[in-house]
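S.K.: Residue numbering for the sequence shown follows this note's numbering, beginning at -12 and increasing consecutively.
Provided herewith is a single structure, encoded as structure tokens, for subsequent inquiry.
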Amino acid sequence: MCLKILKNNFIKLKRMGLNEMKIMWKKHTKLSLALAVCFTPALAHATNGLFMIGYGNKSRAMGGVSIATPLDTLSAASNPATISGMGDQFDIGMDIFVAEVEAQLGSVTAESEASINGLGLENTFFMPALGITYQYSDDITLGFSMVPVGGGGTLFRTNFFNAAAAGTTNVSNINDKLGVDLSIAEMNTTIAYKINENNHVGASFVVGIARFNAYGLGLFDNFTQTQGSTDNFTNQGKDWTGGVGMQFGWMGTYDNLTLGAEYTSKVYMDEFDRYTELFAESGKFDIPASVGLGISYKVMPELLVALDVTYTFYEDVKAVSNLGPNLAGDPTGPLGPPAEGRRLGLDNGLGFGWTNQTVFKLGLQYDLSQSFILRAGWNYGESPINESREIIFNLLAPATAENHLTLGGTYIIDEDMELNFSYVHAFENEQFGPTYISDDGSNFGRIKMTQNSVGGSLSWKF
């Protein structure tokens, strides 16, 4: 069904003129939402903070590089200029994540047991993606891509917040289970233009869609505005929202050297209506802006080396960057005098205290033969979590991974079709620190996570 929707729209596109394409552009949101229902992952897990390390199996096998490395149609999600001159191509793939998440508050330790749609596959997450490009003219390339941006999912059978008396409450609706589910996907409609033999530019209209669920947070009721009710705060079921943004990119090609740059605006999302008293700004959770630079160089005909550096502006999104509950002895709310302005859901309400993040991506590609291509890479981004202060809320979504080793390759079936595969290992990283409950070590917090993922995709030139 999903492929039929996409195929029918691109058949129409190939028959259109520019005026008709403008009309098609206006209908983009409806198409995006239809595809999102088909392809938004049931649960997502990211490893560069909120985001995946890269989009598409080729990129993920090379540490996530793609700003200056046009690998496939999904490269447009990193830099829209990279699809310039790519021709008519379709990519579809799937990544399967297996995450091991552990959290500890004081003497209580719990391991996440999140599962997919009742299948019983604990800590296993499915991440589909697709992309398509159409060579409209010698200088203009059009594209569409749907990528899982990231998010996080946890399910703890032990509610360590309850066990540690992390808050006080007047309500009885306190779950034994504890966890959150945040899944974010983006649909990108892209146009790339070849200025001359060396310079290419591109732009994408970005539609974001997100799903969220939270349960077991009733003990923090006293931090909300209403106090005494979990309405619009926790245990409200799955809620969906959407928003829009823009992305711009440039790519310069000079013999064996390619340079790239991209800027992605914040994706301005609507509020989660069921969780207006959980996230700051009445339930608003924007997708943060980012900027990136890339370089790739053909050391020899068979060997390509690529490096990307990206910077994500988490501090511009209040839901993730606002400070969490204060440490013991700290006179700032919600346990101190200025409590009212920092209650959950307010503009300056409690958050996760994340800081901006710089990520370094290194990738290698080697043409082993006419039929096989090998890839490897490394990815590093310091955790955005400030462990000296912000452990307590981040127990729910421990985005602690920093170092990643990646491997993969391509089997070329013929000149029009190839199979790609990737493997990513996120090394275990533990963060440990005090909580507002006690600063004497009796109720410290500890979070750690490690991940493995495998992926496969099909590329088809038509």
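Backbone N, C-alpha and C define an ideal beta-carbon position, used for all residues, glycine too.
(1) Relative to the C-alpha of Glu405, which candidate in Leu445, Gly43, Ile40 and Lys435 has its C-alpha closest?
(2) Output the distance between the C-alpha atoms of Leu452 and Ile171, rounded to the nearest integer angstrom.
(3) For a test of the three-state rule: what should DSSP assign to Asn149, helix, strand or coil?
(4) Should the stretch 377 to 396 be called in touch with the stretch 56 to 68, which here means at least 3 C-beta pairs below 8 Å?
(5) Who are the Cβ neighbours of Pro33 in its own chain at under 7 Å, not counting the five residues just before and after it?
(6) Please classify Asn185: does DSSP put it in a helix, a strand, or coil?
(7) Closest to Leu246 by CA distance: which of Ser132, Gly328, Glu377 and Leu280 is it?
(8) Output the boundary residues of the alpha helix (DSSP H) element that contains Arg362.
(9) Which residue from Ile378, Trp447 and Ala413 puts its Cα closest to that of Tyr398?
(10) Suppose the cutoff is 8 Å on Cβ atoms and the five residues either side in sequence are ignored; what does the same chain contact list for Phe143 look like?
(11) Over the uninterrupted alpha helix (DSSP H) stretch that includes Lys45, give me the two end residues.
(12) Locate the beta strand (DSSP E) running through Val134, then write down its first and last residues.
(13) Check Glu302 in the structure and name its three-state DSSP category.
(14) Check the DSSP bridge columns for Glu450 and list the partner residues they point to.
(15) Assuming contact is defined by CB atoms lying nearer than 8 Å, are Tyr423 and Asn313 in contact in what I supplied?
(16) In chain order, what residues of the same chain lie with their CB nearer than 6 Å to the CB of Ser46, ignoring the 5 residues before and after it?
(17) Can you look up Asn407 in the DSSP assignment and give me helix, strand or coil?
(18) Which residue or residues does DSSP assign as beta-bridge partners of Ile282?
(19) Going by alpha carbons, who is nearest to Met73 out of Val193, Val85, Gly130 and Ser283?
(20) Apart from the five residues on each side of it in sequence, which residues of its chain come closer than 6 Å, Cβ to Cβ, to Arg261?
(21) Can the beta-carbon of Gly236 be found closer than 8 Å to that of Glu249?
(22) If you draw a straight line from the alpha carbon of Phe147 to that of Thr228, how long is it in whole angstroms?
(23) Pull up the distance between the alpha-carbon of Leu30 and that of Asp257, whole angstroms please.
(24) Would you mind giving the Cβ-Cβ distance between Leu206 and Asn149, rounded to the nearest angstrom? I have them listed as a contact below 8 Å.
(25) For Ile79, does the three-state DSSP call read helix, strand or coil?
(26) DSSP on Leu204, reduced to helix/strand/coil?
(27) Spatial neighbours of Lys181 within its chain, please: C-beta separation below 7 Å, excluding the five flanking residues on both sides.
(28) Going along the chain, which residues of its own chain have a beta-carbon closer than 7 Å to the beta-carbon of Ile372, five neighbours each way excluded?
(29) Buried or exposed for Met287, going by 16 or more other Cβ atoms inside 10 Å?
(30) Suppose the cutoff is 8 Å on Cβ atoms and the five residues either side in sequence are ignored; what does the same chain contact list for His15 look like?
(31) On the CB-based measure, 16 or more other CB atoms within 10 Å of its CB, does Ile400 come out buried or exposed?
(32) Per DSSP, what kind of secondary structure is Glu268 in: helix, strand or coil?
(33) Per DSSP, which one or two residues make a beta bridge with Thr217?
(34) Identify, in the order they occur along the chain, each residue of the same chain with its Cβ nearer than 8 Å to the Cβ of Asn335, setting aside the five sequence neighbours on each side.
(35) Skipping 5 residues on each side, what residues in its chain have a beta carbon closer than 7 Å to that of Glu377?
M.R.: So, from the data block:
(1) Residue mapping note: residue 405 aligns to position 418 of the sequence shown, counting from 1. Ranking the options by Cα distance to Glu405, first place goes to Leu445.
(2) The displayed coordinates of the chain run from -12 to 449. Any statement about residue 452 would go beyond what the structure contains.
(3) Here the question's residue 149 lines up with position 162 in the sequence shown. If DSSP states are grouped into helix, strand and coil, Asn149 belongs with the helices.
(4) Look at the beta carbons and you see the stretch 377 to 396 not touching the stretch 56 to 68: under three pairs across the two are nearer than 8 Å.
(5) Taking the first residue of the sequence shown as position 1, residue 33 is located at position 46. Sequence check: residue 33 is Ala here, not Pro. Once the five neighbours on either side are set aside, the close Cβ partners of Ala33 are Met39, Gly137, Gly138, Gly139 and Ala386.
(6) Within the sequence shown, residue 185 is the residue found at index 198, counting from 1. If DSSP states are grouped into helix, strand and coil, Asn185 belongs with coil.
(7) Working through the sequence shown from its first residue, we reach residue 246 at position 259. That would be Leu280, whose Cα lies nearest to the Cα of Leu246.
(8) In the sequence shown, the residue the question calls residue 362 occupies position 375. Unbroken run through Arg362 is the beta strand (DSSP E), Phe359 to Gly368; no alpha helix (DSSP H).
(9) Counting from one through the sequence shown, the residue named residue 398 turns up at place 411. Closest by alpha carbon: Trp447.
(10) The residue you call residue 143 lines up with position 156 of the sequence shown. For Phe143, where only same-chain residues beyond five positions count, the Cβ hits under 8 Å are Ala90, Ala97, Glu98, Ser99, Glu100, Lys164, Leu165, Gly166 and Gly203.
(11) Taking the first residue of the sequence shown as position 1, residue 45 is located at position 58. Per DSSP, Lys45 belongs to the alpha helix (DSSP H) from Asn44 to Ala48.
(12) As a working note, residue 134 is residue 147 in the sequence shown. Ile127 to Phe143 is the span of the beta strand (DSSP E), which, as asked, contains Val134.
(13) To locate residue 302, count along the sequence shown from 1; it is residue 315. In the structure shown, Glu302 sits in a helix (DSSP, three-state: H, G or I).
(14) Nothing about residue 450 can be reported from this structure: the residues present for the chain run from -12 to 449 only.
(15) Reading the sequence shown from its first residue, position 436 is the one you call residue 423. Reading the sequence shown from its first residue, position 326 is the one you call residue 313. In this structure, Asn313 lies closer than 8 Å to Tyr423 by Cβ.
(16) On the sequence shown, position 59 is the one that residue 46 refers to. So the qualifying residues of the chain are Ser53 and Leu58.
(17) The residue labelled residue 407 in the question sits at position 420 within the sequence shown. Reduced to three states, the DSSP call for Asn407 is strand.
(18) Taking the first residue of the sequence shown as position 1, residue 282 is located at position 295. Note: Ile282 sits in a beta bridge opposite Leu246 and Leu294.
(19) Taking the sequence shown and counting its residues from 1, one reaches residue 73 at position 86. Residue Gly130 is the option with its Cα nearest to Met73.
(20) Residue mapping note: residue 261 aligns to position 274 of the sequence shown, counting from 1. Once the five neighbours on either side are set aside, the close Cβ partners of Arg261 are Gln223 and Asp226.
(21) Mapped onto the sequence shown, residue 236 falls at position 249. Mapped onto the sequence shown, residue 249 falls at position 262. Taking 8 Å as the Cβ cut-off, Gly236 and Glu249 qualify as a contacting pair.
(22) One-based indexing of the sequence shown puts residue 147 at position 160. One-based indexing of the sequence shown puts residue 228 at position 241. Whole-angstrom Cα-Cα distance: 29 Å.
(23) Residue mapping note: residue 30 aligns to position 43 of the sequence shown, counting from 1. Residue mapping note: residue 257 aligns to position 270 of the sequence shown, counting from 1. Legend: pLDDT at Leu30 = 45, less than 50; position of this residue unreliable, value from coordinates given subsequently. Computed Cα separation, rounded: 20 Å.
(24) Numbered from 1 along the sequence shown, position 219 holds the residue referred to as residue 206. Numbered from 1 along the sequence shown, position 162 holds the residue referred to as residue 149. Correct: roughly 6 Å between the Cβ atoms.
(25) As a first step, residue 79 must be located in the sequence shown, where it is residue number 92. Here Ile79 sits in strand by DSSP.
(26) As a working note, residue 204 is residue 217 in the sequence shown. Note: Leu204 maps to coil in three-state DSSP.
(27) Within the sequence shown, numbered from 1, the residue matching residue 181 stands at position 194. Contacts found: Ser71, Gly72, Asp126 and His187.
(28) For the purposes of this step, residue 372 is taken as the residue at position 385 of the sequence shown. Cβ within range, chain order: Trp341, Asn381, Ala386, Thr387 and Gln418.
(29) Locating residue 287 in the sequence shown gives position 300, where the first residue counts as 1. Counting Cβ neighbours within 10 Å, Met287 comes out exposed, since fewer than 16 surround it.
(30) Here the question's residue 15 lines up with position 28 in the sequence shown. Bear in mind that a pLDDT of 48 at His15, under 50, signals an unreliable position, so the number given afterwards is only what the model happens to contain. Met174, Thr176, Phe192 and Val194.
(31) Working through the sequence shown from its first residue, we reach residue 400 at position 413. Ile400 should be labelled exposed.
(32) Along the sequence shown, read from residue 1 onward, the residue named residue 268 stands at position 281. The answer is helix: DSSP assigns Glu268 an H, G or I state.
(33) Locating residue 217 in the sequence shown gives position 230, counting from the first residue. Paired residue(s): none; Thr217 is not in a bridge.
(34) Counting from one through the sequence shown, the residue named residue 335 turns up at place 348. Answer for Asn335: Ala267, Lys305, Asn309, Gly328 and Arg329, listed in chain order.
(35) Indexing the sequence shown from 1 puts residue 377 at position 390. For Glu377, where only same-chain residues beyond five positions count, the Cβ hits under 7 Å are Gly311, Phe339 and Gly340.
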